[in-house]
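Worksheet: the structure to be examined is printed underneath.
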Amino acid sequence: MAPFGAALAVVLGAGMAILASRWVHRLDPGVLSAPERVPFQGGSAPEVHAWSRYHIRYYSMALLFLAFDMEMVFMYPWAVVFVEEGVVALVEMMMFILILVLGILYAWREGALEWA
Amino acid sequence: MGLRAGLVRLAAGGEVPVFSVAGLGGRVVVEELGAVPGIEVVDHPRAAALLVVVGRVPPGLLGPVLAVHDQLPSPRASVWWPVGADGGVPGPALAAALPGLVVGRSGDVNGLRRLFADMLDGGHPTDPAALGDIDPAPWRGVGPYGHGGTGMTGGVPYGRPMAGRAPDRDRLELDQLPLRFGPLFPPFPPGLVLELLLQGDVVQQASVGDNRFRTEAGTPVSTTLDTDLFLGALDHPVLVSDLELARARHHLRWLARVLRLHGLSGRAWRTLALARCLTAADAAAVTALTRTVGRSRSMASALRGQGVLEDPGTVTGGPVARAGGEPADARSGDDSYRGLGFEPVTHPAGDAWDRLRQRLGEAAQAMALVERAGDRVRAPGPPVEGPRGLIAAGLRPPSSSLLELLPDLLAGQEWGDAVNIVASLDLDLEEAAQDGSPGLAGATTPGAGFAWRPGMSPDGGPQGSRPGVTRSPVAPTENEP
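Taken in order, these protein sequences are the chains called A and B.
Residue numbers for the first sequence follow the working numbering, so the first one is 171 and each next one is one higher.
Residue numbers for the second sequence follow the working numbering, so the first one is -19 and each next one is one higher.
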């Protein structure tokens, strides 16, 4: 019964996908005309090509990533010994996270979370 | 077919998505259209089914209106509403360009609903495109994969020049994108064209494009302004209470615009409803509203410190100058206001938040003056304190001097703050177009002080970027190694 059910699901799923794709194709308005393709700027036409580069700030993003990543790297072994060590481990981890949070706040102040 | 008819009826009963365009004198009607239940005024033509044009379209707006019309997805329809004394017929140019244009009655919302239902039903044919299907920059790729040819930087891929480069915040040479917003950009006042150099969302340089409410010869198009009552007070006796009521109404309308910009549509519509039928008895409602908005923390945090006016003395009166601590107000020296206990409201910081608080304070003050003035008549002669600034014979209209502040205020701002700053100045391009002084001619020339790159059309209308406009190729020496 199980192989039959699986095959039925596959056939039904594929059939519905094919039907849906044919139907969606019928709804498609077709190729847009040149005025329809223009991005909306309030009635003005764009004058430059859409290929434009902006500074994605990989360096500051990498620093932020490291802040979070280091946190996780130390949290795994910490979680293993947490029950044995008790409150001392908790306090130590809080101190560590506080230092990392200061780093994140510094990156924030430096504009690492802004677009350009 | 029962299913189809049912679906059509269901869709026709829903909200009618409308993209609205304010022509001459149509701004108030357009704004009140958004407050009507069953009509959804959308900010993008792709989301609209109907294009509603209110008032005559000046020649400078015709191209953008047609471009926006063609961006409405099919099925679409266009409606024209007359305003005031424009004869009830759209201009011949608009009627010729849009043969399917339906001429309606101003404010006839049920007509819009019927047209929408008719259009979904197939009774009203969809509007044909007004502009030809001509690609302004046809694909001109070269090489085995047609990837455009002369490099990724500074080339002309697909026939369009690429953005030039300039140092960014981190002093890296990156692309600076020239963009022209307007004249039908919904967050801006109707007719405002801003030419911006953007890097990411930072406005590096801004300049004001040519005023679309002027004719091609540069003369103002005749129109009725929203400050007509104040202009008339220059040489006719007017009730002081009428003037102050008009001032409060003006500030409330402005507040509704700003509230909508901040996403507070519900409160914006209530403010607009209050402004529409404002009477002397509404003083308490105005005070309550101004108190609520003045306490808004989210608006304060968005507006505080934005667009600080360094020298408010350069603006001749008006809330913008007084929000910067300049107590200039023509009513202080006006005999008709003597004994009413008038004292100009001022705020110290001169930023967008203080401009908001200034107008809130002036609206509440105007309502108090209405109560105290009784049937006192203002004698014509002395300059009038309009809701945007000083109005006097031979003086430039307040909007045109406020427009000149924009380039300095916008440079270095992020996009969202720039939109807030534009709104905080309460600009009216129709009023600015009435300026006859030669000083503004430089500011309204397209691209004045704006590093427009070669190959760009000088007029910005969709016609400007048609083939046939010569595009000088950018030298390939800027290519990256």
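We put the beta carbon where it would ideally sit given N, CA and C, even for glycine.
All of these numbers come straight from a predicted model, not from anything done at the bench.
Measuring CA to CA, which of Val33(B), Gly18(B), Asp181(B), Met347(B) is closest to Gly6(B)? Val33(B)
Considering only residues of the same chain and omitting the five flanking positions on each side of Arg284(B), which have a CB-CB separation below 7 Å? Asp331, Trp333
Closer than 8 Å, CB to CB, is Val173(B) near chain A or not? yes
For Ala73(B), tell me which candidate among Asp23(B), His216(B), Ala228(B), Ala110(B) has the shortest Cα-Cα distance. Ala110(B)
What are the residues in the region 99 to 111 of chain B lying within 7 Å of chain A by C-beta distance? Ala109, Leu111
Using a C-beta to C-beta distance shorter than 8 Å, which residues of chain A count as neighbours of Phe165(B)? Gln211, Gly212, Gly213
Using a Cβ-Cβ cut-off of 8 Å, state whether Trp221(A) counts as contacting chain B. yes
Okay, do the region 376 to 388 of chain B and the region 258 to 277 of chain B touch, 3+ Cβ pairs below 8 Å being the bar? no
Flag Ala277(A) as yes if its beta-carbon sits less than 8 Å from any beta-carbon of chain B, otherwise no. no
Closer than 7 Å by C-beta to Asp309(B): which residues in its own chain qualify, once you throw out the five before and the five after it? Chain order, please. Gly297, Arg302, Pro324, Glu365
Check whether the region 47 to 65 of chain B touches the region 203 to 220 of chain A, taking contact to mean three or more Cβ pairs, one atom from each stretch, closer than 8 Å. yes
If you pair each beta-carbon of the region 243 to 250 of chain B with each one of the region 353 to 370 of chain B, do three or more pairs fall below 8 Å? no
What residues from chain C crowd round Tyr228(A), counting only those whose CB sits closer than 7 Å? Although the question refers to chain C, the structure presented lacks it and instead comprises the protein chains A and B.
Measure how close the beta-carbons of Leu258(B) and Ala228(B) come, nearest whole angstrom, since I'm counting them as under 8 Å. 6 Å
Neighbourhood of Pro387(B) by C-beta, 8 Å cutoff - its chain only, sequence neighbours within 5 removed: Gln185, Ala186, Ser187, Val188, Gly429
Based on Cα-Cα distance, which residue from Ala344(B), Leu13(B), Gly102(B), Val350(B) lies nearest to Ala219(B)? The amino acid occupying residue 219(B) in the given sequence is Leu; Ala does not appear at that position. Ranking the options by Cα distance to Leu219(B), first place goes to Val350(B).
Alpha-carbon spacing of Ala172(A) relative to Leu283(A), whole angstroms: 52 Å
For Arg145(B), the three-state DSSP class (helix, strand or coil): strand
Report yes if the C-beta distance between Val238(B) and Leu336(B) is below 8 Å; otherwise report no. yes
Taking Gly84(B) and Val59(B) to be in contact with their CB atoms under 8 Å, please state how far apart those CB atoms are, rounded to whole angstroms. 5 Å
Would DSSP call Asp155(B) helix, strand or coil? strand
Just to confirm, are Arg194(B) and Gly40(B) a CB contact at a threshold of 8 Å? yes
Just tell me which of Val1(B), Val63(B), Ala97(B), Gly64(B) has its CA closest to the CA of Gly(-6)(B). Ala97(B)
Cα-Cα, which of Val22(B), Arg94(B), Leu78(B), Val173(B) is closest to Ala(-8)(B)? Arg94(B)
Quick one: Cα of Gly87(B) to Cα of Leu78(B), how far? 21 Å
Have a look at Gly43(B) and Gly171(B) and give me their C-alpha separation to the nearest angstrom. 12 Å
Find the nearest neighbour of Glu306(B) within the set Ser316(B), Leu225(B), Thr294(B), Asp315(B), judged by alpha-carbon distance. Thr294(B)
Check whether chain B comes within 8 Å of Ala204(A), counting only Cβ atoms and requiring the distance to be less than that. yes
Own chain partners of Gln51(B) with C-beta closer than 7 Å, once the 5 adjacent residues on each side are dropped: Pro25, Arg26
Closer than 6 Å by C-beta to Gln179(B): which residues in its own chain qualify, once you throw out the five before and the five after it? Chain order, please. Asp148, Gln156
Using a beta-carbon distance cut-off of less than 8 Å, what residues from the region 138 to 163 of chain B approach chain A? Tyr138, Arg140, Pro141, Met142, Ala143, Asp148, Arg149, Asp150, Leu152, Leu154, Asp155, Leu157, Pro158, Leu159, Arg160, Phe161, Gly162, Pro163
From what residue to what residue does the beta strand (DSSP E) around Leu209(B) run? Here Leu209(B) belongs to no beta strand (DSSP E); instead the alpha helix (DSSP H) covers 208 to 212.
Which same chain residues end up closer than 6 Å to Glu411(B) when comparing Cβ atoms and leaving out the 5 residues on each side of it in sequence? Leu205, Pro377, Ser379
With a 10 Å radius around its C-beta and 16 neighbouring C-beta atoms as the bar for buried, classify Arg279(A) as buried or exposed. exposed
Listed by chain order, chain A residues near Glu24(B) by CB distance under 8 Å: Looking at the sequence provided, one finds His at residue 24(B) rather than Glu. Under the 8 Å cutoff, chain A gives Phe210.
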